[in-house]
Amino acid sequence: MDSATAWFVYVLHCGDGTLYTGVARDVAKRLEAHRAGRGAKYTRGRGPLSLLGSCQCSCHSHALRLERAIKALPRAHKASLQHPDALAAFVARLAPQAES
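Next comes the structure, spelled out in structure tokens:
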């Protein structure tokens, strides 16, 4: 898959301790937009923002389904996605469901 056409799901840690999940084609550029106040309304005024993790998806619809699945997780499970390979493992467990 060409990285120019790839979609990513990302999880941010906000300065107030909350977590934000979103989708983007360029996570670094999207993070900068969030930090500049041009990202999602939710992240405005909640800085500093740090990237907990991101994962490449096969298409936009897969990224949106994965975003929805992450948002449905309890906070403790979302926070655990920051550990190395945890987000990728979560995606792998969902892959058969998300692609169908």
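So that you can map any letter, position 25 of the sequence shown is 480 in this note's numbering, and since no number is skipped, the others follow by simple counting. Heads up, the beta-carbon is just placed ideally off N, CA and C, and yes, glycines get one too. No experiment lies behind these values; they were computed from the predicted model shown.
As DSSP reads the structure, residue 468 sits in a beta bridge with 474, 505. In terms of Cβ geometry, residue 549 and residue 527 do not form a close pair [threshold 7 Å].
Here residue 541 is not bridged, per DSSP, to any residue.
Counting C-beta pairs with one atom in each stretch, the region 530-545 and the region 494-513 have three or more that are closer than 8 Å, which means they touch.
When beta bridges are read from the DSSP output, residue 512 appears opposite 462.
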